[in-house]
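As structure tokens, the structure follows; a few thoughts come after it.
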Amino acid sequence: MPYYRAVGEIPRKRHLVFRRPDGGVYAEELMGEEGFSSDSSLLYHRHLPTAIVKTEPVEDPRDAAQAVPNLPLAPRHFRTRDLPTGGDLVTGRRLLAGNADVRLGHASADRPSGLYRNSVGDETVYLQSGSARFESSYGAIEAAEGDYVTVPTGTIHRWVPHGTVDALVIEASGHIRTPRRYLSQCGQFLEHAPYSERDLRGPTEPLLAEGPGAEAPTPVLVRTRGGLTSMTFAHHPFDVVGWDGCLYPYAFNIADFEPIVKRTHAPPPVHQTFEGPNFVVCSFCPRPLDFDEQAVPIPYNHHNVDSDEFMYYVAGDYAARKGSGIGIGSVSLHPAGFTHGPQPGAVEAALGATATTETAVMVDTFRPLDIGPAGLDCEDPGYAWTWAR
Numbered sequence: 001m002p003y004y005r006a007v008g009e010i011p012r013k014r015h016l017v018f019r020r021p022d023g024g025v026y027a028e029e030l031m032g033e034e035g036f037s038s039d040s041s042l043l044y045h046r047h048l049p050t051a052i053v054k055t056e057p058v059e060d061p062r063d064a065a066q067a068v069p070n071l072p073l074a075p076r077h078f079r080t081r082d083l084p085t086g087g088d089l090v091t092g093r094r095l096l097a098g099n100a101d102v103r104l105g106h107a108s109a110d111r112p113s114g115l116y117r118n119s120v121g122d123e124t125v126y127l128q129s130g131s132a133r134f135e136s137s138y139g140a141i142e143a144a145e146g147d148y149v150t151v152p153t154g155t156i157h158r159w160v161p162h163g164t165v166d167a168l169v170i171e172a173s174g175h176i177r178t179p180r181r182y183l184s185q186c187g188q189f190l191e192h193a194p195y196s197e198r199d200l201r202g203p204t205e206p207l208l209a210e211g212p213g214a215e216a217p218t219p220v221l222v223r224t225r226g227g228l229t230s231m232t233f234a235h236h237p238f239d240v241v242g243w244d245g246c247l248y249p250y251a252f253n254i255a256d257f258e259p260i261v262k263r264t265h266a267p268p269p270v271h272q273t274f275e276g277p278n279f280v281v282c283s284f285c286p287r288p289l290d291f292d293e294q295a296v297p298i299p300y301n302h303h304n305v306d307s308d309e310f311m312y313y314v315a316g317d318y319a320a321r322k323g324s325g326i327g328i329g330s331v332s333l334h335p336a337g338f339t340h341g342p343q344p345g346a347v348e349a350a351l352g353a354t355a356t357t358e359t360a361v362m363v364d365t366f367r368p369l370d371i372g373p374a375g376l377d378c379e380d381p382g383y384a385w386t387w388a389r
């Protein structure tokens, strides 16, 4: 993250003795990206964060559910509401599409997850409906419909839904960050950025496990590039009394994104919200439409020759694809090698419109997306031919 936070109890300076009430010394843990060359935070634990008592291999369901190339090449439509409900927000993820840079999954979770650490890359979870409590070593965040929750690599956390939560899960092979063009050279959000520090919600107080469970051995599911391991810690890892730094989980609500409006239609980069390794995340939000008297207020036909476009429709009315079968909970995948655009008749129907109610999350990848098992399970087989009707 591009700005500093301090939560809970911390000493006057880093790496000084910081004593517990019983006279012992709190254990430091530096969580840092790119070695010691990028953002970091310093956490103070009641117990040693290195104390493990057991590790066991865990069968990875991903090994049995591989994605397949998008061949023959075609635009795709996935109806995520046709996928089964159940499971948690970690092990209940179902792969829609992915490549070596990013995995795009859907979860319809109705129960708490176990403790989890993804040591492959950052995650951003978008809550399309419902609400949940995100709990981590840094503290808790209450997340609700429309929230992006970004989880830094290596963060031990769990999800506790309040009822059922439908979510898009973006799992990166590296770090998910604010686009560099939105920040000053010192990391402050610039005035032209579509959101600012005030819009980001991080943990505000420590989250300490209490009772007998706090002192008992506690398993954590750990993902690395080699697979899954159940790693049992000697004590519950939610034992951080304070931390400070620029690396931590945070939430950002899509309703706080400030759309850019032009006289004529603006291309997707104006909607960019985050960037990851070889992909970007964009937020399409309700906004006034283009205001030139002759403007065509919906997207023109376009061919992104370097990227696949994955669009998750989450609210409102997406006029450009009306009549194609797209609805709330739909995902369209428009791959490189295919020119896509408005549904036939949509241009004429949109003339004179002054506002849009659409809300959508788009992930553009710069390497082809393969199709996951869940994508195949909920695919609309007639979508590719909707422009020819």
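Residues 1 to 389 in full-length UniProt numbering are what the sequence shown spells out, letter by letter. We treat Cβ as the ideally placed atom computed from N, Cα and C, and that holds for glycine. Quick caveat: nothing in here was measured; it's all calculated off a predicted structure.
How big is the Cα-Cα spacing for F310 and E210? If you draw a straight line from the Cα of F310 to the Cα of E210, it is about 42 Å long.
For L95 and G376, the rounded distance between their alpha carbons: In the sequence on display, residue 376 carries Leu and not Gly. Roughly 10 Å separates the two Cα atoms.
Pick out whichever of F291, V25, A216, A388 has its Cα sitting closest to the Cα of A350. Comparing Cα positions, the closest option is F291.
Between S324, G32, G114, A355, which has its C-alpha nearest V296's C-alpha? When each option's Cα is compared against that of V296, the closest is A355.
In the DSSP output, which residue or residues are listed as bridge partners for Y312? Residue pairing of Y312 in beta bridges, as defined by DSSP: V331, V361.
Helix, strand or coil for L376 per DSSP? L376 carries a helical assignment under DSSP once its states are collapsed to helix, strand and coil.
What is the DSSP secondary structure of Y250, counted as helix, strand or coil? Three-state DSSP puts Y250 in a strand.
Whose C-alpha, out of T153, D364, R5, G24, is nearest the C-alpha of C282? For C282, the closest C-alpha among the options T153, D364, R5, G24 is that of D364.
Pull up the DSSP beta-bridge partners for I371, would you. In the DSSP output, where bridge partners are listed per residue, I371 has V68, A97.
Could you tell me which of P217, W243, C246 sits nearest to A234, measuring between CA atoms? The residue with the shortest Cα to Cα distance from A234 is P217.
For Y383, name the three-state secondary structure that DSSP assigns. Reduced to three states, the DSSP call for Y383 is helix.
Specify the secondary structure class of residue 421 as computed by DSSP and reduced to three states. For the chain, the structure presents residues 1 to 389; residue 421 sits outside this window and is missing.
Is the Cβ-Cβ distance between G242 and P203 less than 8 Å? Contact: no.
Tell me the DSSP secondary structure of V296 in three-state form. V296: coil per DSSP, three-state reduction.
Taking 8 Å as the threshold, find out whether the stretch 173-184 comes into contact with the stretch 80-90 through three or more Cβ pairs. Not touching, per the Cβ criterion.
Reference P381; option with closest CA among P368, G114, A65, S332: The shortest Cα separation from P381 among P368, G114, A65, S332 belongs to S332.
Per-residue burial, I260 [other beta carbons within 10 Å of its own, 16 or more giving buried]: So I260 ends up on the exposed side.
Comparing alpha-carbon positions, which option in R201, G352, Y26, E258 lies nearest C285? The candidate whose alpha carbon is nearest that of C285 is E258.
If you draw a straight line from the C-alpha of A132 to the C-alpha of E293, how long is it? Straight through space, the alpha carbons of E293 and A132 are spaced by roughly 44 Å.
May I ask you to report which of helix, strand or coil DSSP gives R225? Three-state DSSP puts R225 in coil, outside helix and strand.
Please classify R181 as buried or exposed, where buried requires at least 16 other C-beta atoms within 10 Å of its C-beta. Exposed, since its Cβ has fewer than 16 Cβ neighbours within 10 Å.
Enclosing beta strand (DSSP E) for T124 [first to last residue]: Note, T124: beta strand (DSSP E), 123-136.
How long is the line joining the alpha carbons of V160 and P179, rounded to whole angstroms? Computed Cα separation, rounded: 30 Å.
Along the chain, where does the beta strand (DSSP E) that runs through I141 open and close? Per DSSP, the continuous beta strand (DSSP E) segment holding I141 begins and ends at 139-143.
Give me whichever residues DSSP pairs with P161 in a beta bridge. DSSP lists A132 as partners of P161.
Output the boundary residues of the beta strand (DSSP E) element that contains C285. Where C285 is concerned, there is no enclosing beta strand (DSSP E), given that its DSSP letter is neither H nor E.
Would you check if there are 3 or more beta carbon pairs closer than 8 Å linking the stretch 72-83 to the stretch 322-332? Enough Cβ pairs lie closer than 8 Å, so yes.
So, using beta-carbon positions, are L183 and D39 closer together than 8 Å? By the CB criterion at 8 Å, L183 and D39 fall outside the cutoff.
Same chain, Cβ closer than 8 Å to G154, five either side skipped, listed in chain order: Taken in chain order, the residues that qualify are M31, R117, N118, S119.
Using a Cβ distance threshold of 8 Å, determine whether the stretch 43-50 contacts the stretch 19-34, with at least three qualifying pairs required. The stretch 43-50, when compared against the stretch 19-34, does touch it at the 8 Å Cβ threshold.
By the DSSP assignment, the beta strand (DSSP E) with L89 in it spans what residues? For L89, there is no enclosing beta strand (DSSP E), as DSSP gives it neither H nor E.
Distance between beta carbons of E197 and Y3, contact taken as under 8 Å: Contact flag correct, Cβ pair sits at about 5 Å.
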